[in-house]
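K.L.:
Chains A and L supply the protein sequences, listed in that same order. Quick note: the first sequence, position 157, residue 157 per this note's numbering, numbers continuous. Heads up, this note's numbering is the position in the second sequence plus 303, with the first residue counted as 1.
Number of protein chains: 2
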Amino acid sequence: MHEIEGMTEFLIGIVMIIGGMHGNELTGVYLIKLFEQFPHLIERQGFEILTLLANPQAIAECRRYLEKDLNRCFNKQDLQNLTLSSFEDKLARQIYNNLKSENQSQINMFVDLHSTTANMGLTLILIKLHPWLLQLAVYLSSINPEVRILYIPSHAANSFLISQCELGFALEVGPVPQGVLNAVLFQKTKEIISVVLDYVQAFNQGSIQSKTNTLALYEYAGTIDYPRNEHGEIQAMIHPQLQARDFEPLNPGEPIFLTFDEETITYKGESTVFPIFINEAAYYEQGIAMCLTNKREIVVEAS
Amino acid sequence: MHEIEGMTEFLIGIVMIIGGMHGNELTGVYLIKLFEQFPHLIERQGFEILTLLANPQAIAECRRYLEKDLNRCFNKQDLQNLTLSSFEDKLARQIYNNLKSENQSQINMFVDLHSTTANMGLTLILIKLHPWLLQLAVYLSSINPEVRILYIPSHAANSFLISQCELGFALEVGPVPQGVLNAVLFQKTKEIISVVLDYVQAFNQGSIQSKTNTLALYEYAGTIDYPRNEHGEIQAMIHPQLQARDFEPLNPGEPIFLTFDEETITYKGESTVFPIFINEAAYYEQGIAMCLTNKREIVVEAS
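1. Name, in chain order, the residues that DSSP records as bridge partners for residue 51 of chain A.
2. Expressed to the nearest angstrom, what Euclidean distance is found between the alpha-carbon atoms of residue 132 of chain A and residue 167 of chain A?
3. Using a Cβ-Cβ cut-off of less than 7 Å, list which residues of the segment 442-475 of chain L approach chain A; keep chain order.
4. Round the Cβ separation of residue 123 of chain A and residue 150 of chain A to the nearest angstrom and send it over; I've been treating them as touching at under 8 Å.
5. Since residue 564 of chain L meets chain A, which of its residues come closer than 8 Å, beta carbon to beta carbon?
6. Can a CB atom of chain L be found closer than 8 Å to the CB of residue 5 of chain A?
7. Output, in chain order, the set of chain L residues within a Cβ distance shorter than 7 Å of residue 178 of chain A.
8. Please list the residues of the segment 398-420 of chain L that have a C-beta atom closer than 8 Å to any C-beta atom in chain A, keeping them in chain order.
9. With H, G and I counted as helix, E and B as strand and the rest as coil, what does DSSP make of residue 28 of chain A?
10. In three-state DSSP terms, what is residue 249 of chain A?
11. Counting beta carbon pairs with one atom in the segment 24-37 of chain A and one in the segment 126-140 of chain A, are three or more of them shorter than 8 Å?
12. DSSP puts residue 598 of chain L in a beta bridge; with which residues?
13. Tell me the DSSP secondary structure of residue 306 of chain L in three-state form.
14. Compare the C-alpha of residue 113 of chain A against each of A/223, A/142, A/237, A/21 and name the closest.
15. Under 6 Å Cβ to Cβ from residue 601 of chain L, same chain only, skipping five residues before and after it: list those, please.
16. Output, in chain order, the set of chain A residues within a Cβ distance shorter than 9 Å of residue 576 of chain L.
17. Roughly how many whole angstroms lie between the Cα atoms of residue 309 of chain L and residue 430 of chain L?
18. If you measure from the beta carbon of residue 540 of chain L to each beta carbon in chain A, is any gap under 8 Å?
19. Residue 264 of chain A by DSSP, collapsed to three states: which one?
20. Taking its Cβ as the centre, do 16 or more other Cβ atoms sit within 10 Å of residue 182 of chain A, making it buried, or is it exposed?
21. Find the residues of chain L that neighbour residue 62 of chain A, judging by a C-beta separation of less than 9 Å, and give them in chain order.
22. Note down the Cα distance separating residue 90 of chain A from residue 98 of chain A, rounded to an integer number of angstroms.
23. From what residue to what residue does the beta strand (DSSP E) around residue 123 of chain A run?
24. Check whether chain L comes within 8 Å of residue 1 of chain A, counting only Cβ atoms and requiring the distance to be less than that.
25. Determine whether the Cβ of residue 277 of chain A lies closer than 8 Å to any Cβ atom of chain L.
26. Where do the N-terminal and C-terminal ends of the alpha helix (DSSP H) with residue 478 of chain L fall, by residue?
27. When the Cα atoms are used, what is the spatial distance from residue 428 of chain L to residue 455 of chain L?
28. Given this structure, state the Cα-to-Cα distance separating residue 243 of chain A from residue 279 of chain A, to the nearest angstrom.
29. From the DSSP secondary-structure annotation, give me the bridge partner or partners of residue 451 of chain L.
30. Of all the options L/556, L/483, L/451, L/487, which has the alpha carbon lying nearest to the alpha carbon of residue 472 of chain L?
31. Alpha carbon to alpha carbon, how far is residue 409 of chain L from residue 556 of chain L?
32. Using the Cβ count rule (16 or more neighbours within 10 Å means buried), how would you classify residue 541 of chain L?
33. Do residue 318 of chain L and residue 352 of chain L have their CB atoms nearer than 8 Å?
34. Please list, in chain order, the chain A residues whose beta carbon lies closer than 7 Å to that of residue 561 of chain L.
35. From this set, L/375, L/529, L/418, which residue's C-alpha is nearest residue 464 of chain L's C-alpha?
36. Pick helix, strand or coil for residue 355 of chain A, following the three-state DSSP scheme.
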């Protein structure tokens with residue numbers, strides 16, 4: 001793994017918690033509103049915590065976005081390209097400039113709250129295998145076995161807002177429909193945020209003992225689209241045997257789709273994979289029926 | 304119950320199956336597309352079957368509607384009010400005029416396909432207690448114990464398209480997120496449609512023996528909104544103990560909401576009710592956290 005160089009030499013000054021990057025993912029939206037109403041819920045000693053409702057207009061309309069997925073607008077080239085004029089391109093530049101004016105270099109950590117119609121449980125999404133984040137991942141996994149760690153390499157995630165920050169990560173919880181609050185998932189997400197903030201406080205106070213440990217990491221390896229006809233219309237659904245089985249092994253020859261006229265389509269890959277984001281509503285239009293990951297056990301070494 | 308007068312004296316000439324009244328309820332949308340691609344699936348002897356994708360623009364955008372809920376635009380006054388100019392008001396008039404030009408009096412039955420994020424299972428929604436429909440309800444309940452019968456009196460449902468037809472009813476299936484296909488619910492809905500069409504064919508052939516039987520009817524009795532603050536923002540979620548318990552008894556004093564700061568709110572009514580459409584995504588904006596029904600056993604008499 002990476003060296004954990006310098007890990008004990010920095011302190012976390014500002015954490016920003018983000019909700020409503022997608023306006024119909026209500027868990028994050030209402031957690032941010034709750035935190036803004038009752039700041040003591042997230043106040044900790046020794047560092048500042050900011051909140052952001054990323055796309056208020058999309059939240060008001062309860063839509064993922066108005067013109068373009070906001071969380072695909074943050075790569076550096078796009079932010080500098082003033083000819084990009086969609087509502088969300090402009091909003092991304094505004095958010096980025098606000099962050100800079102708040103002295104972005106002081107913001108050490110982004111926590112971006114998302115929800116999904118897929119059975120993703122409580123998933124921590126990392127886009128960099130930063131040793132500090134891996135220690136956090138080990139810690140969260142150890143106190144809550146429901147927590148899973150997904151790694152999307154930054155080349156596939158460089159348009160996410162969290163890519164703007166050294167310690168950026170997302171929390172992805174599900175299954176919950178778009179436009180719906182699930183009280184159990186809401187409370188679990190709130191609890192994880194609380195644990196993360198406690199961990200940051202303890203880290204700053206020097207009371208985190210980093211440990212060498214193994215971690216189950218699901219590493220993004222691509223996507224599978226639905227079967228489509230010549231007009232781009234889907235011709236099949238997620239197979240009942242695969243529905244809700246995110247993070248479970250899928251072997252070659254096992255069912256993945258059921259066509260509308262009831263033909264089973266099997267997985268044609270050559271090795272076992274671990275599908276995630278199975279049947280996520282927002283991905284139909286993106287040509288994604290599920291994402292595939294490889295599961296590996298990594299050793300996270302103590303600093 | 305109503306007299307079943309004339310029940311054996313008419314034949315059903317045309318059945319129209321409708322999907323996509325709400326553009327993000329994919330079960331109905333893709334069933335209609337399937338039926339249009341493979342008409343033999345719904346062809347029966349002795350009557351004609353039409354299909355309608357009600358709101359193609361909303362379907363293309365995977366939204367419930369563009370400007371206004373289409374299934375609230377079909378009351379007679381609104382259809383005659385040419386000053387109503389929303390996209391869906393115009394579309395409703397167009398659908399209505401098309402039906403008339405197809406000699407609407409020949410269309411005896413509308414089957415309107417809906418899906419919901421609530422745990423509604425397979426629900427037949429009636430807006431008139433027409434004896435023919437009650438016989439159908441008894442039959443469907445008898446061959447599939449999952450089928451439930453919801454009665455929304457027509458004064459509360461006179462803006463539904465199905466109110467335009469003597470034998471109009473809706474199928475409401477769930478739980479499934481908006482914008483998502485669930486293969487199991489898709490197949491169950493398809494099977495119910497097939498059974499209904501077989502029943503119509505048998506009825507026309509005179510081979511349906513109507514029987515006196517009891518039927519469990521859930522009768523619409525109003526709605527409950529989420530607790531809201533002075534800005535209209537919701538302050539609580541469906542309580543975990545009530546989530547997904549559609550059609551189950553709710554007694555006074557039992558939990559219905561959990562506020563964001565974790566206070567339980569109980570049901571303040573004076574008698575047992577049977578909530579439905581619990582946590583339906585589309586109803587947040589309508590001020591509906593759930594609908595309440597009264598359950599009663601009725602006697603459906605043989606003709």
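By construction, the Cβ of each residue, glycine as well, lies at the ideal position given by its N, Cα and C atoms.
P.N.:
On the basis of the coordinates in this document:
1. Translated into positions along the first sequence, residue 51 of chain A becomes position 51. BP columns for residue 51 of chain A point to A/17.
2. Numbered from its first residue, the first sequence carries residue 132 of chain A at position 132. Numbered from its first residue, the first sequence carries residue 167 of chain A at position 167. If you take the alpha carbons of residue 132 of chain A and residue 167 of chain A, they lie about 8 Å apart.
3. Those would be none; no residue qualifies.
4. Walking along the first sequence from the start, residue 123 of chain A turns up at place 123. Walking along the first sequence from the start, residue 150 of chain A turns up at place 150. Their Cβ separation, rounded to whole angstroms, is 5 Å, which keeps residue 123 of chain A and residue 150 of chain A in contact under 8 Å.
5. Sequence index remark: in the second sequence, residue 564 of chain L carries index 261 (1-based). Chain-ordered, the chain A residues with CB closer than 8 Å to the CB of residue 564 of chain L read 34, 38.
6. What you label residue 5 of chain A is simply residue 5 of the first sequence in a count that begins at 1. In this prediction, residue 5 of chain A scores a pLDDT of 44, lower than 50, which makes its location untrustworthy; no coordinate-derived value is stated.
7. Within the first sequence, residue 178 of chain A is the residue found at index 178, counting from 1. Result: 480, 481, 482, 584.
8. So the list reads 420, given in the order they occur along the chain.
9. By 1-based counting over the first sequence, the position of residue 28 of chain A is 28. Reduced to three states, the DSSP call for residue 28 of chain A is helix.
10. For the purposes of this step, residue 249 of chain A is identified with residue 249 of the first sequence, where counting begins at 1. Reduced to three states, the DSSP call for residue 249 of chain A is coil.
11. Counting Cβ pairs under 8 Å, fewer than three are found: no touch.
12. Indexing the second sequence from 1 puts residue 598 of chain L at position 295. L/521, per the DSSP bridge assignment.
13. Sequence index remark: in the second sequence, residue 306 of chain L carries index 3 (1-based). Reliability fails at residue 306 of chain L, whose pLDDT of 35 lies under 50, so the model's placement of it is uncertain and the value that follows must be treated cautiously. Residue state for residue 306 of chain L is assigned as coil, using DSSP reduced to three classes.
14. Counted from its first residue, the first sequence places residue 113 of chain A at position 113. When only C-alpha atoms are compared, the closest one is A/21.
15. To locate residue 601 of chain L, count along the second sequence from 1; it is residue 298. The beta carbon of residue 601 of chain L sits closer than 6 Å to those of 518, 520, all from its chain and outside the five residues before and after it, given in chain order.
16. One-based indexing of the second sequence puts residue 576 of chain L at position 273. For the C-beta of residue 576 of chain L, not a single chain A residue is nearer than 9 Å; the gap to the nearest is close to 20 Å.
17. The residue you call residue 309 of chain L lines up with position 6 of the second sequence. The residue you call residue 430 of chain L lines up with position 127 of the second sequence. Residue confidence for residue 309 of chain L is low, a pLDDT of 47 falling below 50, so the modelled location carries little weight; the figure read from the coordinates is stated next. In a straight line, the C-alpha of residue 309 of chain L is about 20 Å away from that of residue 430 of chain L.
18. The sequence position of residue 540 of chain L within the second sequence is 237, counting from 1. Chain A contact via Cβ: present.
19. Mapped onto the first sequence, residue 264 of chain A falls at position 264. Of the three classes helix, strand and coil, the one that applies to residue 264 of chain A here is strand, per DSSP.
20. The residue you call residue 182 of chain A lines up with position 182 of the first sequence. Residue 182 of chain A comes out buried.
21. As a first step, residue 62 of chain A is located in the first sequence; it is residue number 62 there, counting from the start. Near residue 62 of chain A (Cβ distances below 9 Å), the residues of chain L are 584, 587, 588.
22. Counting from 1 along the first sequence, the entry for residue 90 of chain A is found at position 90. Counting from 1 along the first sequence, the entry for residue 98 of chain A is found at position 98. For residue 90 of chain A and residue 98 of chain A, the distance between alpha carbons rounds to 12 Å.
23. For the purposes of this step, residue 123 of chain A is taken as residue 123 along the first sequence, with counting starting at 1. In the DSSP assignment, residue 123 of chain A falls within the unbroken beta strand (DSSP E) covering 121-126.
24. To locate residue 1 of chain A, count along the first sequence from 1; it is residue 1. Its pLDDT being 29, under 50, residue 1 of chain A is placed unreliably by the model, and nothing is read from it.
25. Stepping through the first sequence from its first residue, residue 277 of chain A is reached at position 277. Chain L places no beta carbon closer than 8 Å to that of residue 277 of chain A, leaving this residue out of the contacts.
26. What you label residue 478 of chain L is simply residue 175 of the second sequence in a count that begins at 1. Counting along the chain, residue 478 of chain L sits inside no alpha helix (DSSP H), nor does DSSP assign it H or E at all.
27. For the purposes of this step, residue 428 of chain L is taken as residue 125 along the second sequence, with counting starting at 1. For the purposes of this step, residue 455 of chain L is taken as residue 152 along the second sequence, with counting starting at 1. Linking residue 428 of chain L to residue 455 of chain L through their CA atoms gives a straight-line distance of about 7 Å.
28. Mapped onto the first sequence, residue 243 of chain A falls at position 243. Mapped onto the first sequence, residue 279 of chain A falls at position 279. Cα to Cα, residue 243 of chain A sits roughly 7 Å from residue 279 of chain A.
29. Within the second sequence, residue 451 of chain L is the residue found at index 148, counting from 1. Beta-bridge pairing links residue 451 of chain L to L/426.
30. On the second sequence, residue 472 of chain L is found 169 positions in, with the first residue counted as 1. Ranking L/556, L/483, L/451, L/487 by Cα distance to residue 472 of chain L puts L/451 first.
31. Translated into the one-based positions of the second sequence, residue 409 of chain L becomes position 106. Translated into the one-based positions of the second sequence, residue 556 of chain L becomes position 253. Between residue 409 of chain L and residue 556 of chain L, the C-alpha separation is close to 50 Å.
32. Against the second sequence, residue 541 of chain L aligns to sequence position 238. By the beta-carbon neighbour count (other beta carbons within 10 angstroms, threshold 16), residue 541 of chain L is buried.
33. Here residue 318 of chain L refers to the residue found at position 15 when the second sequence is read from its first residue. Here residue 352 of chain L refers to the residue found at position 49 when the second sequence is read from its first residue. Closer than 8 Å, so yes.
34. For the purposes of this step, residue 561 of chain L is taken as the residue at position 258 of the second sequence. Those within 7 Å of residue 561 of chain L in chain A are 183.
35. If you number the second sequence from 1, residue 464 of chain L lands on position 161. Checked all of L/375, L/529, L/418; the closest Cα to residue 464 of chain L is L/375.
36. No information on residue 355 of chain A is available, as it lies outside the stretch 1 to 303 that chain A covers here.
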